[in-house]
Amino acid sequence: RLHLCDQNLEHIDPEKITSTHNLLVDVLLGAQYEGQSIRTQYQQKKDDYKSGLCTAL
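The numbers in UniProt numbering rise by one with no breaks, and the one at position 26 of the sequence shown is 26.
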């Protein structure tokens with residue numbers, strides 16, 4: 001089973017979710033930040049087999 005990085009999703013404030021559009025924006029922003037983090041970490045750890053990088057989101 002692949003590990004799911006959801007740290008950014010944990011910062012969503014449920015009280016600010018007033019519609020599915022708000023939720024979608026928050027999830028997409030979380031995915032964007034996670035993607036940037038993966039890209040940065042990959043450049044540093046690409047040769048390390050057990051680097052701990054997230055492979056699924």
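No residue lacks a Cβ here, since even glycine has one placed at the ideal position from N, Cα and C.
To the nearest angstrom, how far is the alpha carbon of residue i from that of residue j?
| i | j | result |
| --- | --- | --- |
| glutamine 41 | threonine 18 | 34 Å |
| leucine 23 | glutamine 36 | 20 Å |
| glutamate 15 | glutamine 32 | 22 Å |
| glutamine 43 | valine 25 | 27 Å |
| isoleucine 12 | threonine 20 | 13 Å |
| glutamate 10 | valine 27 | 10 Å |
Go ahead and label residue i buried or exposed: buried means 16 or more other beta carbons lie within 10 angstroms of its beta carbon, across all protein chains shown.
| i | result |
| --- | --- |
| glycine 30 | buried |
Worksheet item: Taking the runs of the alpha helix (DSSP H) that are 4 residues or longer, which of them lie wholly in the stretch 1-45?
Response: Counting only runs of 4 or more, we get 20-45.
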